[in-house]
Each structure stands twice: as C-alpha cells, then as structure tokens.
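Peer 1: Here's a structure for you.
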Amino acid sequence: MSENERSSLNLELISAWCGPAFAIGLVIFFGIFGFNLPSPPSPALGAEAIAARINDNLGNMRVGWVVALLVMSLYMPWTAQIGTQLARLERHSHTMTNLQLIGGALTVFVMCFGMVCWATATFRPEIDPVVLRMLIDMGWLGIELQWILTTMQMVAMALVGLSDKRKTPLFPRWVCFLSIWCSLSFAPASLTMFLKTGPFAWDGVLSYYLPWAAWLIWCLVVSGYMVRDVMRRMPLADDAVDRRVRAHS
Numbered sequence: 051m052s053e054n055e056r057s058s059l060n061l062e063l064i065s066a067w068c069g070p071a072f073a074i075g076l077v078i079f080f081g082i083f084g085f086n087l088p089s090p091p092s093p094a095l096g097a098e099a100i101a102a103r104i105n106d107n108l109g110n111m112r113v114g115w116v117v118a119l120l121v122m123s124l125y126m127p128w129t130a131q132i133g134t135q136l137a138r139l140e141r142h143s144h145t146m147t148n149l150q151l152i153g154g155a156l157t158v159f160v161m162c163f164g165m166v167c168w169a170t171a172t173f174r175p176e177i178d179p180v181v182l183r184m185l186i187d188m189g190w191l192g193i194e195l196q197w198i199l200t201t202m203q204m205v206a207m208a209l210v211g212l213s214d215k216r217k218t219p220l221f222p223r224w225v226c227f228l229s230i231w232c233s234l235s236f237a238p239a240s241l242t243m244f245l246k247t248g249p250f251a252w253d254g255v256l257s258y259y260l261p262w263a264a265w266l267i268w269c270l271v272v273s274g275y276m277v278r279d280v281m282r283r284m285p286l287a288d289d290a291v292d293r294r295v296r297a298h299s
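Once you know that position 5 of the sequence shown is 55 in the numbering used here, the rest is easy, because the numbers rise by one and skip nothing.
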C-alpha cells in the first residue's frame with residue numbers, strides 16, 4: 051500500500067470513529083452538563099422557574115454548551131465518511147449520497163443553533179426571565195420542528211444501503227430498516243409546536259426520549275459497520291499494492 055493510500059484509509063477510519071465520539075460526547079455535555087438528562091426543562095415551566103434553573107446551574111451549563119458545540123462538529127466528518135462509502139455504491143447517480151451529506155450538514159446547523167440559543171441564555175442570566183424563557187423556547191422548537199432534515203439523511207443512507215447486493219454489503223439489510231424506523235420516530239416532534247405537556251411535548255416520551263435515543267443508537271450501529279468496512283479494505287489495499295509490485299518486478 052502506498053503512503054497516500056494508507057493515509058486516506060487512516061483518515062476514513064478516524065472519521066468513522068467520530069460517530070461514537072459524537073454520541074458519547076452529546077450524552078455527557080448536551081445531556082448531563084446541559085441539564086437535559088434525566089429531563090430537559092418542561093415547556094410548561096413559568097419564566098421564573100426557567101430563570102431559577104439557569105441561575106442554579108450556570109457554571110455547568112456554560113461548560114456544557116461550549117463543549118457540546120465542539121462535540122457537534124464531529125458529526126460533520128462522520129457524515130462525510132458515510133458519503134464517501136455510499137458514493138462507492140451509488141455509481142450511476144449520487145442523488146441519495148448528496149442528500150445524505152446535505153441532511154447531515156443541516157443537522158449540525160440546526161443543533162448548533164439550538165445550543166447557541168441556550169448558551170446565550172446563560173451568558174446574561176440576569177436579564178428578564180421572560181426573555182430567558184424565549185431563548186429556551188427558540189432552541190427547543192428550532193431543533194424539534196426541523197426533524198425532517200435528519201430523517202432525510204437517514205432514509206437516503208438506508209436506500210443506498212438496500213441497493214448494495216454484494217456478498218458482504220456495507221450495511222446489512224436490518225441496519226437499513228433500523229435507519230428508516232429510527233428516522234420516522236422523529237415525526238411526533240412536530241406536535242411540540244402545539245403541546246406543552248404530555249408524551250408529545252418536547253420533554254415527553256415520544257418527542258424526546260424515544261427519538262433522541264433512536265438517533266444515538268442508529269449512530270452507534272452505523273458507525274460499527276463503517277469502521278468494519280474501512281478495516282476490511284485495509285488488507286485488500288495492501289494485497290493490491292503487492293500484486294502491482296510483483297507485476298512490475
């Protein structure tokens with residue numbers, strides 16, 4: 051294997067591992083430090099209660115949002131790596147590959163927008179509690195109502211994966227169907243616009259716990275097969291180089 055080929059595969063491997071790093075980092079800094087685990091702030095909370103929640107946990111929240119924004123950037127090389135691997139399968143048209151890339155990039159933008167709203171609330175915690183609550187609302191609604199962008203990414207990946215008829219496909223069929231199911235689990239998030247309590251509110255089972263867990267599980271499962279694919283291609287590339295050397299010797 052040439053030095054360039056080895057470097058390219060090493061970069062692919064690092065990009066594939068960005069998925070698990072992102073998932074773990076999000077749980078820690080978005081979830082724990084951002085006080086969204088075990089439960090995010092209820093949309094039914096009054097302005098004073100929101101302000102108290104922020105002021106009581108100000109230091110951890112500031113650290114959480116700063117690091118969570120950095121962690122969110124790991125989703126970009128991971129999405130790009132999925133695109134690289136899908137492009138090898140989608141030879142005649144890269145429509146779904148491109149859709150996956152766009153969906154992943156917009157997912158990063160939407161998530162970062164929400165986090166910046168929450169970070170801004172911790173930057174000036176002394177302002178009017180009504181304004182603080184508005185920032186919290188903007189962040190959550192900005193993320194929840196735009197679920198379709200991530201769904202498009204996941205469905206596009208699944209459709210290309212299902213077209214892979216090789217003996218050892220990039221993703222098994224069950225992973226592709228898992229991707230579709232997980233992507234559709236986001237749909238109840240649209241109801242967060244109308245409900246402030248219950249399972250469809252942004253802190254409810256069907257709009258928070260189920261879809262967010264499904265997203266992270268999907269990320270981890272897909273990452274495992276991405277890493278396996280890169281590791282499988284490394285010795286194959288070595289053999290191909292050895293054959294070329296022998297042919298010219």
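Backbone N, C-alpha and C define an ideal beta-carbon position, used for all residues, glycine too.
On the DSSP letters alone, give me the boundaries of the alpha helix (DSSP H) that Trp128 sits inside.
Peer 2: Residue numbering aside, residue 128 sits at position 78 when the sequence shown is read from its first letter. Run containing Trp128: Tyr125 to Ala137, per the alpha helix (DSSP H) assignment.
Peer 1: Per DSSP, what kind of secondary structure is Arg141 in: helix, strand or coil?
Peer 2: Here residue 141 refers to the residue found at position 91 of the sequence shown. It is coil, neither helix nor strand.
Peer 1: Taking buried to mean at least 16 other C-beta atoms within 10 Å of its own C-beta, is Ile100 buried or exposed?
Peer 2: What you label residue 100 is simply residue 50 of the sequence shown in a count that begins at 1. Per the 10 Å Cβ criterion, buried.
Peer 1: Which parts of the region 191-271 are runs of the beta strand (DSSP E), unbroken and 3 residues or longer, counting only runs that do not cross its ends?
Peer 2: Taking only runs of at least 3 residues, no beta strand (DSSP E) segment lies wholly in the region 191-271.
Peer 1: Would you decide whether Leu149 is buried or exposed? Buried here means 16 or more other CB atoms lie within 10 Å of its CB.
Peer 2: As a position in the sequence shown, residue 149 is number 99, starting the count at 1. Its Cβ being crowded by 16 or more others within 10 Å, Leu149 is buried.
Peer 1: Among Pro222, Asn86 and Leu124, which has the Cα closest to the Cα of Met107?
Peer 2: If you number the sequence shown from 1, residue 107 lands on position 57. Reading off the sequence, residue 107 comes out as Asn, not Met. Ranking Pro222, Asn86 and Leu124 by Cα distance to Asn107 puts Asn86 first.
Peer 1: Which residues mark the beginning and the end of the alpha helix (DSSP H) in which Trp105 is found?
Peer 2: Taking the first residue of the sequence shown as 1, we reach residue 105 at position 55. Just to set this straight, residue 105 is Asn in the shown sequence, not Trp. Start and end: Ala97 to Asp106.
Peer 1: Applying the criterion that 16 or more other CB atoms from any shown protein chain within 10 Å of the CB defines a buried residue, is Leu136 buried or exposed?
Peer 2: By one-based count along the sequence shown, residue 136 stands at place 86. Buried: at least 16 other Cβ atoms inside 10 Å.
Peer 1: Suppose you measure from the CA of Val272 to the CA of Cys68; what does that come to, to the nearest Å?
Peer 2: Looking up residue 272 in the sequence shown gives position 222. Looking up residue 68 in the sequence shown gives position 18. Cα to Cα, the separation comes out at about 12 Å.
Peer 1: Sorted by chain position, which residues of the same chain lie with C-beta nearer than 6 Å to Cys269's C-beta, five sequence neighbours on each side aside?
Peer 2: In the sequence shown, residue 269 corresponds to position 219, counting from 1. Hits under 6 Å: Gly69 and Ala73.
Peer 1: Quick one: is Asp279 buried, meaning 16 or more other Cβ sit within 10 Å of its Cβ, or exposed?
Peer 2: Counted from its first residue, the sequence shown places residue 279 at position 229. With 16 or more Cβ atoms within 10 Å of its Cβ, Asp279 is classed as buried.
Peer 1: Here's the rule: buried if 16 or more other CB atoms are within 10 angstroms of the residue's CB, otherwise exposed. What is Val295?
Peer 2: Within the sequence shown, numbered from 1, the residue matching residue 295 stands at position 245. Because the pLDDT at Val295 is just 48, under 50, the model does not fix this residue reliably, and the value given afterwards should be weighed accordingly. Burial call: exposed.
Peer 1: Helix, strand or coil for Pro285, going by three-state DSSP, please let me know.
Peer 2: Taking the sequence shown and counting its residues from 1, one reaches residue 285 at position 235. In this structure, Pro285 counts as helix in the three-state DSSP scheme.
Peer 1: Quick check: what's the CA-CA separation for Ser92 versus Ala239?
Peer 2: In the sequence shown, the residue the question calls residue 92 occupies position 42. In the sequence shown, the residue the question calls residue 239 occupies position 189. Each residue's alpha carbon lies about 14 Å from the other.
Peer 1: Contact check, Glu55 vs Thr134 under 8 Å by CB: the rounded distance?
Peer 2: Position 5 of the sequence shown holds residue 55. Position 84 of the sequence shown holds residue 134. Rounded, the Cβ-Cβ distance is 14 Å, inconsistent with contact.
Peer 1: Look at Ile186 and Val205 and say whether their C-beta atoms are less than 8 Å apart.
Peer 2: Position 136 of the sequence shown, counting from 1, holds the residue named residue 186. Position 155 of the sequence shown, counting from 1, holds the residue named residue 205. Against a cut-off of 8 Å, the Cβ pair of Val205 and Ile186 comes out as no contact.
Peer 1: Kindly list the residues whose CB is nearer than 6 Å to the CB of Phe43, restricted to its own chain and excluding five residues on each side of it in sequence; keep chain order.
Peer 2: No statement about residue 43 is possible, as the shown extent of the chain runs from 51 to 299 and does not include it.
Peer 1: Contact check, Gly274 vs Thr200 under 8 Å by CB: the rounded distance?
Peer 2: Working through the sequence shown from its first residue, we reach residue 274 at position 224. Working through the sequence shown from its first residue, we reach residue 200 at position 150. The pair is not a contact, with the Cβ atoms about 19 Å apart (cut-off 8 Å).
Peer 1: Determine whether the beta carbon atoms of Ala118 and Phe80 lie at a separation below 8 Å.
Peer 2: In the sequence shown, residue 118 corresponds to position 68, counting from 1. In the sequence shown, residue 80 corresponds to position 30, counting from 1. Taking 8 Å as the Cβ cut-off, Ala118 and Phe80 qualify as a contacting pair.
Peer 1: Kindly confirm or deny that the region 116-130 and the region 160-176 touch, where touching means at least three C-beta pairs closer than 8 Å.
Peer 2: They touch, by the three-pair rule.
Peer 1: Just the Cα atoms here: how many angstroms apart are Arg283 and Arg223?
Peer 2: Locating residue 283 in the sequence shown gives position 233, counting from the first residue. Locating residue 223 in the sequence shown gives position 173, counting from the first residue. Answer to the nearest angstrom: the Cα atoms are 20 Å apart.
Peer 1: Taking the C-alpha atoms as reference points, what is the distance between Gly15 and Phe244?
Peer 2: A question about residue 15 goes unanswered here, because the residues of the chain that appear run from 51 up to 299.
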